[in-house]
Amino acid sequence: MQAAGLPSFRSYRLHHYRQIGVAARLAIGAPILLLLVLTVALVSLSLGPVDIPTSHVAWIVLSAFGIDVPAFGRTEQLVIEQIRLPRIIVGASVGMALGVAGATLQGLFRNPMADPGIIGVSAGGAVGAVVAIATGMTGLFFLALPAFAFAGAIAASLLVYGIAAVGGHFSMATLLLAGVAVNAFLGAIVSAIIILLPDNEALREILFWLAGGLDSRAWEHVWIATPLILGSAAVLLLLARDLNLLMLGDDEARSMGVRVGLTRVVLLATAALATGAAVAVSGTIAFVGLVIPHILRLILGPDNRVLIPMSALGGALFVILADTVARTIIEPAEFRVGVLTAFVGAPFFLLLLIKNKRQVYSL
Numbered sequence: 312m313q314a315a316g317l318p319s320f321r322s323y324r325l326h327h328y329r330q331i332g333v334a335a336r337l338a339i340g341a342p343i344l345l346l347l348v349l350t351v352a353l354v355s356l357s358l359g360p361v362d363i364p365t366s367h368v369a370w371i372v373l374s375a376f377g378i379d380v381p382a383f384g385r386t387e388q389l390v391i392e393q394i395r396l397p398r399i400i401v402g403a404s405v406g407m408a409l410g411v412a413g414a415t416l417q418g419l420f421r422n423p424m425a426d427p428g429i430i431g432v433s434a435g436g437a438v439g440a441v442v443a444i445a446t447g448m449t450g451l452f453f454l455a456l457p458a459f460a461f462a463g464a465i466a467a468s469l470l471v472y473g474i475a476a477v478g479g480h481f482s483m484a485t486l487l488l489a490g491v492a493v494n495a496f497l498g499a500i501v502s503a504i505i506i507l508l509p510d511n512e513a514l515r516e517i518l519f520w521l522a523g524g525l526d527s528r529a530w531e532h533v534w535i536a537t538p539l540i541l542g543s544a545a546v547l548l549l550l551a552r553d554l555n556l557l558m559l560g561d562d563e564a565r566s567m568g569v570r571v572g573l574t575r576v577v578l579l580a581t582a583a584l585a586t587g588a589a590v591a592v593s594g595t596i597a598f599v600g601l602v603i604p605h606i607l608r609l610i611l612g613p614d615n616r617v618l619i620p621m622s623a624l625g626g627a628l629f630v631i632l633a634d635t636v637a638r639t640i641i642e643p644a645e646f647r648v649g650v651l652t653a654f655v656g657a658p659f660f661l662l663l664l665i666k667n668k669r670q671v672y673s674l
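The opening position of the sequence shown corresponds to residue 312 in our numbering, with each subsequent residue numbered one higher.
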């Protein structure tokens, strides 16, 4: 079915195979976004209850690579290396995962309203995390929460895909509807557990996790999530050309040598894996996978060879910036990152929709 919306998608057939411009957009956009990510990360490392000069932050980071630097305080080093740096790396990884997954799913569905939650990953992760907290597993095993959340996220995505593939015929429309139904059902499970849970402390922990945040993230969380997210992003980038062809329609993709069924499954599974890893270590952080790819598509166009890597950097930048604001705006307390991204993302996205309402397209 032809997409009836963004001119960038409608005119895609005219310029899809033009190589000129792709490398240029990457060469210009990637360094700018990467510089912004590093700058925001450096500033974020310096801010907090213990203020550390950015020069000291740079020295501490450089010293980790064996570079001789001026002396700095041991307390500053511990704060940077054991508290703030793993938190920022987790935040960057989460933003990267949500960005690339959102860009992939928007391309697959040919709909800018698609986001990682559409295939049940976020809701499944929420159920897994809530079960871990409600049963007391988090007190027995340090990594029980991310482990349960990841298992729930993957199980939910498999369920949604299984429903869409019943009878041996896969349907993207059925996948979308199954995602809506499964999300509603899993949301009801979470609500039921919250209502029936007698432990106020566990209830508070559940609500904090559902709001999304990066507090208390440690190197263990980095080792859990980051390799899965980086690997998933690499796979999605390798399949960017095939995703471009799928956006033209299944018949045209097949004529260009794309194994449509297999490629679609791999793209969906990889997007689910990246999102599941992100949800497992951060909770539910809304609007990153929806807003960031949409904004970058308006700026850079729909070519996924550009959009996917740029969405990775844009997502990382957005989450690091949101986390920095969340942990400094009401010191010594912390605002929840997921709440902040929703406060910022929802109005901004509505403004984009109003501004470009003639360009909105659907399946």
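The beta-carbon is built from N, C-alpha and C at its ideal position, and this holds for glycine as well.
Non-local beta-carbon contacts of P397 in its own chain, meaning distances under 6 Å to residues more than five positions away in sequence, involve R528, A529, W530, V533 in chain order. Looking at N511, M558, H605, L518, the one whose alpha-carbon comes closest to that of A440 is L518. Within the same chain, Cβ atoms closer than 6 Å to the Cβ of G418 are found at L554, M558, N615, the five residues on either side in sequence being excluded. Judged by DSSP in its simplified three-state form, S482 adopts coil rather than helix or strand. Annotation for N511: the continuous alpha helix (DSSP H) segment containing it runs 511-522.
Uninterrupted beta strand (DSSP E) stretches at least 3 residues long and entirely within the segment 640-668 do not occur. Relative to the Cα of V599, the nearest Cα in the group I430, A657, G490, P620 belongs to A657. Rounded to the nearest whole angstrom, the C-alpha separation of A583 and V380 is 42 Å. Ranked by Cα distance from A589, the first of L469, R570, A408 is A408.
Put simply, the backbone Cα of P423 is about 26 Å away from that of F461.
In the structure shown, R421 adopts coil according to DSSP, grouped into three states.
In this chain, the alpha helix (DSSP H) harbouring G436 covers 432-445. By the Cβ rule, the segment 425-439 counts as touching the segment 563-583, because three or more pairs are nearer than 8 Å. If you check the CB distance, G463 and V438 come in under 7 Å. The DSSP-derived three-state label of G560 is coil. Look at the segment 361-435 and you find these whole runs of alpha helix (DSSP H), each 4 residues long or longer: 365-374, 385-389, 396-420.
With 16 or more other Cβ atoms inside 10 Å of its own Cβ, P604 counts as buried.
Judged by their CB atoms, A475 and F481 are nearer to each other than the 7 Å cut-off.
I596 sits in coil when the DSSP states are folded into three classes, being neither helix nor strand.
Ranked by Cα distance from I596, the first of L345, G626, R515 is G626. Taking all protein chains shown into account, T449 has 16 or more neighbouring C-beta atoms within 10 Å of its C-beta and is therefore buried.
For G410, the closest C-alpha among the options A443, L601, V333 is that of L601.
With a beta-carbon spacing of about 11 Å, I394 and I363 fall beyond the 8 Å limit used to define contacts.
Annotated as proximal: S404 and I540, with beta-carbon spacing under 7 Å. Under the 10 Å beta carbon count, D510 is surrounded by fewer than 16 other beta carbons and is classified as exposed. When DSSP states are grouped into helix, strand and coil, G587 belongs to the helix group. The beta carbon of E563 lies closer than 8 Å to those of L556 in the same chain, with the five residues before and after it left out. Excluding five sequence positions before and after R647, the CB atoms of its chain that fall closer than 8 Å to its own CB belong to F519, A522, G523, G524, A637, given in chain order.
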